[in-house]
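**Q**
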Amino acid sequence: MTDGSLASGPLFGLPLAELWFALLFFIFGTFLFLDGFDFGAGALFATREDEAERETILAAIGPFWDGNEVWLVVFGGALFAAFPAAYAGLFSRHYLLMFAILGALLVRGLAPEMYEQRHDERWQRAWGVAFVVGSVTAPFFLGLFVANWLLGASSSVTLAGVVVGLAVVALTVVTGAAFLRLKIRGALRADLRRYGEYGVVAYLALVVVALGAIYATAPGVRADLVSLPTAGLVAVSVAAGGGYLLASRRDAVYAAFVLGGVLVYALVTLVAALLFPVVDPATGLTVRAAVVSPLPLNLMSIGAALLLPLVFSYFAVLYGAFSGPVEAGEAY
Amino acid sequence: MIEPVLASRLQFALTTIVHIVFPVMSMGLAPFLVVFTWKEIRGGPPVYEQLRRFWTKIFAVSFVVGTVTGIVLEFEFGTNFAAFSTFAGELFGGPLAVEGMMAFMLEATFLGIFVFGRERVSDRLFFVSSLAVAAGTWLSAVWILIANSWMQTPRGYELVTEGGQTTVHLTDAFAAYLNPRFGFMYVHMQNAAVESVALFMAGVAAYYVFRHHVWGYPVQEVGFWETTLKIALVALVITAPLQVLHGDLYARHVFETQPQKFAAMEAVWETDSYVPEYIVAFPTSIADLTDPRAKELFGIGIPGGASWLASGGDPQATITGLNEFEDSPPVAIVFWSFRAMVGLGFWFILLGFWGVYRWWRGELLEDDLLHKALMVSTPLGILAVELGWIVTEVGRQPWVVQGVLKTSEGVSPGLTSAEATATLAGFVLVYAGLLSLYTYVVARIVRAGPPTRSELTAVTTGERAAPLPGAEAVDDD
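Heads up: the sequence lines are chains L and Z, in that order. Just so we're aligned: the first sequence equals residues 1 to 332 in our numbering. Just so we're aligned: the second sequence equals residues 1001 to 1477 in our numbering.
1) Write down every uninterrupted run of the alpha helix (DSSP H) in the stretch 255-300 of chain L whose length is 4 residues or greater and which is fully enclosed by it, in chain order.
2) Mapping DSSP to helix, strand and coil, what is G62(L)?
3) For G1043(Z), count neighbouring Cβ atoms within 10 angstroms of its own Cβ and tell me buried if that reaches 16, exposed if not.
4) Can you tell me whether F1325(Z) is helix, strand or coil according to DSSP?
5) Would you mind reading off the limits of the beta strand (DSSP E) that contains I1002(Z)?
6) Just the C-alpha distance for E90(L) and V70(L), rounded to the nearest angstrom, thanks.
7) From what residue to what residue does the beta strand (DSSP E) around H1169(Z) run?
8) What residues from chain Z crowd round Q117(L), counting only those whose CB sits closer than 7 Å?
9) Please go through the same chain and pick out, in chain order, the residues whose beta-carbon is closer than 7 Å to the beta-carbon of N1179(Z), but skip the five residues on each side of it.
10) Ordered along the chain, which non-local residues of its own chain (more than five positions away) have a Cβ less than 7 Å from that of D1327(Z)?
11) When the cut-off is 9 Å and only beta carbons count, does L270(L) lie next to chain Z?
12) In the DSSP output, what is G165(L) paired with across the bridge?
13) What are the start and end residues of the alpha helix (DSSP H) that includes W1225(Z)?
14) Taking V1034(Z) and A1134(Z) to be in contact with their CB atoms under 8 Å, please state how far apart those CB atoms are, rounded to whole angstroms.
15) A81(L) touches chain Z at which residues, Cβ-Cβ below 9 Å?
16) With respect to 8 Å, is the separation between the Cβ of F99(L) and the closest non-hydrogen atom of the ligand HEM below this value?
17) With three or more beta-carbon pairs closer than 8 Å as the criterion, would you say the stretch 1095-1111 of chain Z touches the stretch 1157-1173 of chain Z?
18) If the cut is a Cβ gap below 8 Å, which residues of chain L does E1074(Z) touch?
19) Using a Cβ-Cβ cut-off of less than 7 Å, list which residues of the stretch 294-316 of chain L approach chain B; keep chain order.
20) Pull up the distance between the alpha-carbon of E1472(Z) and that of L295(L), whole angstroms please.
21) What residue does the beta strand (DSSP E) around G1299(Z) start on, and which one ends it?
22) Given A147(L), which residues of its chain have a CB within under 6 Å of its CB, disregarding the five upstream and five downstream residues?
23) Please return the same chain residues whose Cβ sits closer than 8 Å to the Cβ of D1477(Z), not counting the five positions on each side in sequence.
24) Suppose the cutoff is 7 Å on Cβ atoms and the five residues either side in sequence are ignored; what does the same chain contact list for R1118(Z) look like?
25) Within the 9 Å Cβ cut-off, does A160(L) reach chain Z?
26) First and last residue of the beta strand (DSSP E) that includes V157(L)?
27) Using a 10 Å radius around the Cβ and a threshold of 16 neighbouring Cβ atoms, would you call H94(L) buried or exposed?
28) Express the C-alpha separation of G1247(Z) and V1376(Z) in angstroms, rounding to a whole number.
29) Given a cut-off of 9 Å on the beta-carbon distance, is the pair L951(Z) and L110(L) in contact?
30) Is the CB of L1029(Z) under 9 Å away from at least one CB in chain L?
31) Between which two residues does the beta strand (DSSP E) harbouring W1399(Z) extend?
32) Listing by chain order, which chain L residues have their CB less than 8 Å from the CB of V1064(Z)?
33) For a test of the three-state rule: what should DSSP assign to P1450(Z), helix, strand or coil?
34) If you check the beta carbons only, do E197(L) and S135(L) fall under 9 Å apart?
35) Just the chain L side, please: which residues come within less than 7 Å of R1120(Z) by C-beta, in chain order?
36) Quickly, what does DSSP pair S1273(Z) with across the bridge? List them, please.
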């Protein structure tokens, strides 16, 4: 195919702008699911005093977290590449919030690596605290950012945003607890079960509060909020949350983990559905207006179609290699 | 308060100057690790397992710090340079997105297996992981340099104005993304990474060799350090001359495509032929000493040298002076960074041949002056990379996209001085801490040395450390 025909219009007449909007939220959801359980593991790390249990939690996420975090890099890249004006507008408008996210991710990423460098108590206590703080604040700020995005907020701190931030933290505990139960044997699992269940209840409650806060404070979104997709996704979330509780009690840990994932994707889909067809409510920029011209869009679509299946195969190899519980002697 | 344009530029400069250290370490170490892993799984001498395990530790730390500082870069285009991102996103965003999917994903997933999975996966998958990690790091540089080279020599685009907003539209993907600058940059960068790591390895190894053989202190596993030194010298003696050779070609390409940058590298103000290559040059008045754009220079140089370099052999060639251009970069920074980089490049060649010569004479372990020279040079490869990037990035100022968009026009319009100053201050603190921490951790790894031979046997015969109390086989909750 020559540049000429690639430049004349979207490939195969596909609605590529809409597909990239959907792909963007799929990528963000995958990040929030995968790195979310790392964040949750970090929050649950705070509940452990025992040195061996702490080491086991770090060993459980050790091989995975870096790959999981790359989904955020891909999200940033995809937003920049497909909707540059939305990327520029959002990131510069929430300037301090973006650096708060980056700072939290920096601390979270550095902490486990540093924790293992020295084995004296003061050093490990300090990096343990850093790990927990990074793991809890990163999803909080991310939730705040996504809510501000949806509301078209010009300030970085909004009531609805704070509630959504807390909901996302609770959600990471839900998936984190399920993931750790898959990876850990021993007494710790009973506690993890409880924390995961508390997490589900807290998450669903916070989602209701967040929807109420959005309804009360954001007249622009109000009409979309009372709609079939919202009702459907809330119903899916309630069903998945209930399913998680049941699975958790019956020790069907894998099912609980998958249902935690359903909660994550339902939340992200809800955000996407409320946004569409606008990509940046603060400026009213629509998906169609923000998308790049056909040639780069077609090239990127071909690239993504070829590369994303490969990416999933890498994750399959990685998760396959480390399937099952952490073994004795394995450390971060 | 610092105004947003300056604060954003300083912050971005700081972000890149700190970040590049870690990719240099990981891209440079990657090919060594592939070789060590291959030797290890093929049943080579046990020193290769020691080498693989020791250098993987440094690779892993570098990769983690590289990840957390790399995400910052990707976000900063949006936070601080929103106008640039909107203007050039159509050409600039694509390579970043593909870098994430094609390179970073490959690297980050297989690194999990490479660092944590020796006991869990087959030799073959373990070796494939080392290859995938190496391919990931090197592919990452492909896409980042494609994006950067387009900003240096933009092609394959047109400017389109819609609704008062001018943006760059891609018209020819091959012209834009495979522009000639990319090839020069990629070869120069990747070779520099391997050379820098070779210098790093040689310096660290020289310290232990010096301690043991010159000072006479017993050093554990001294054979490991001797092997490391030899491997590093082989790499250095190959990469150091190459770096200068293609560096020369690269400079000639800059002369042809970015004459303004070349003039700054040589501090040429008036268009002239038979331009000397200054070794040193100073402003002639005291007041000009603090002015990076000072014009009256006194210098000591090789007659016709700069013309000879620019044209590839003709000392009479004409070089366009900075006076022909509307704006010029801060000349002193570019001029001195270029000189220091080239000087270091020649020093590395000397070091490489000196070391190999001593080795050939059987005197490698006794030459204390060589050991000291190598120790001093441990971080100098990375320093040379920094200087090269300063020439590249400062040299194209005031443009962010050469001849198309000025850096000052690319800064986020809504950014306030207070915000920009606050984050800049935060960056100075956090990144100073980060660099200290990285140096501290790498120094600790070096001080602890490689795993001993006896530790290796414990691994290969399947013996393990005592099981963790929290991980006992209880499955009853």
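Heads up, the beta-carbon is just placed ideally off N, CA and C, and yes, glycines get one too. Predicted model, so just to flag it, every value in this text is computed and none were measured.
**A** In short, the structure shows the following:
1) 287-290
2) Here residue 62(L) refers to the residue found at position 62 of the first sequence. Looking at G62(L) - three-state DSSP - the assignment turns out to be coil, as it is neither helix nor strand.
3) Position 43 of the second sequence, counted from the first residue, corresponds to residue 1043(Z). When all chains shown are included, G1043(Z) counts as exposed.
4) Here residue 1325(Z) is taken as the residue at index 325 of the second sequence, counted from 1. It is coil, neither helix nor strand.
5) If you number the second sequence from 1, residue 1002(Z) lands on position 2. Counting along the chain, I1002(Z) falls outside any beta strand (DSSP E), and DSSP gives it neither H nor E.
6) Start at 1 with the first residue of the first sequence, and residue 90(L) comes out as number 90. Start at 1 with the first residue of the first sequence, and residue 70(L) comes out as number 70. Note that residue 90(L) is Leu in the sequence shown, not Glu. Straight-line Cα distance between these residues: approximately 20 Å.
7) Along the second sequence, one-based indexing puts residue 1169(Z) at 169. H1169(Z) -> beta strand (DSSP E) spans Q1165 to L1170.
8) What you label residue 117(L) is simply residue 117 of the first sequence in a count that begins at 1. Simply V1441 and R1444.
9) Taking the second sequence and counting its residues from 1, one reaches residue 1179(Z) at position 179. Hits under 7 Å: S1149, W1150, T1153 and R1155.
10) Your numbering for residue 1327(Z) matches position 327 in the second sequence. Excluding sequence neighbours, D1327(Z) sits near P1398.
11) Taking the first residue of the first sequence as 1, we reach residue 270(L) at position 270. Judged by the 9 Å Cβ criterion, L270(L) is not in contact with chain Z.
12) Sequence index remark: in the first sequence, residue 165(L) carries index 165 (1-based). G165(L) is not bridged to any residue.
13) For the purposes of this step, residue 1225(Z) is taken as residue 225 along the second sequence, with counting starting at 1. First-last of the alpha helix (DSSP H) with W1225(Z): V1222 to T1257.
14) Counted from its first residue, the second sequence places residue 1034(Z) at position 34. Counted from its first residue, the second sequence places residue 1134(Z) at position 134. V1034(Z) to A1134(Z), Cβ: 5 Å. Contact.
15) By one-based count along the first sequence, residue 81(L) stands at place 81. Correct list: G1089, E1090, F1092, G1093, G1094, P1095, L1096, A1097 and V1098.
16) Looking at this structure, you won't find the ligand HEM or any other ligand, since it has none at all.
17) no
18) In the second sequence, counting from the first residue as 1, residue 1074(Z) sits at position 74. Neighbours of E1074(Z) on chain L, chain order: V73, G76, G77 and F80.
19) Of the protein chains in the structure, L and Z, none is chain B.
20) Taking the first residue of the second sequence as position 1, residue 1472(Z) is located at position 472. Taking the first residue of the first sequence as position 1, residue 295(L) is located at position 295. Note that E1472(Z) scores a pLDDT of 38, beneath 50, so its modelled location is shaky; the value from the coordinates is reported in the next line. Cα to Cα, the separation comes out at about 57 Å.
21) In the second sequence, counting from the first residue as 1, residue 1299(Z) sits at position 299. Where G1299(Z) is concerned, the enclosing beta strand (DSSP E) stretches over L1297 to I1302.
22) On the first sequence, residue 147(L) is found 147 positions in, with the first residue counted as 1. So the qualifying residues of the chain are A160, G161 and V164.
23) Start at 1 with the first residue of the second sequence, and residue 1477(Z) comes out as number 477. Per-residue confidence for D1477(Z) stands at a pLDDT of 37, beneath the threshold of 50, marking its modelled position as unreliable; the derived number appears in the next sentence. Result list for D1477(Z): empty, nothing under 8 Å.
24) Counting from 1 along the second sequence, the entry for residue 1118(Z) is found at position 118. Here the set comprises F1126.
25) Within the first sequence, residue 160(L) is the residue found at index 160, counting from 1. Not one chain Z Cβ lies under 9 Å of A160(L).
26) The count along the first sequence starts at 1 and reaches residue 157(L) at position 157. No beta strand (DSSP E) holds V157(L); DSSP gives it neither H nor E.
27) Locating residue 94(L) in the first sequence gives position 94, counting from the first residue. Per the 10 Å Cβ criterion, buried.
28) To locate residue 1376(Z), count along the second sequence from 1; it is residue 376. To locate residue 1247(Z), count along the second sequence from 1; it is residue 247. Distance between the alpha carbons of V1376(Z) and G1247(Z) is about 24 Å.
29) With chain Z covering 1001 to 1477 only, the question about residue 951(Z) has no answer from this structure.
30) Taking the second sequence and counting its residues from 1, one reaches residue 1029(Z) at position 29. Answer no: the Cβ-Cβ gap between L1029(Z) and chain L never drops below 9 Å.
31) Start at 1 with the first residue of the second sequence, and residue 1399(Z) comes out as number 399. W1399 to V1401 is the extent of the beta strand (DSSP E) around W1399(Z).
32) Sequence index remark: in the second sequence, residue 1064(Z) carries index 64 (1-based). Under the 8 Å cutoff, chain L gives D66, G109, L110 and E113.
33) What you label residue 1450(Z) is simply residue 450 of the second sequence in a count that begins at 1. Coil, per DSSP.
34) Numbered from 1 along the first sequence, position 197 holds the residue referred to as residue 197(L). Numbered from 1 along the first sequence, position 135 holds the residue referred to as residue 135(L). No, Cβ-Cβ distance for E197(L) and S135(L) is not below 9 Å.
35) Residue 1120(Z) sits at position 120 when you count from the first residue of the second sequence. Going along chain L in sequence order, the residues near R1120(Z) (Cβ under 7 Å) are A321 and F322.
36) The sequence position of residue 1273(Z) within the second sequence is 273, counting from 1. Answer is T1318(Z), bridged to S1273(Z).
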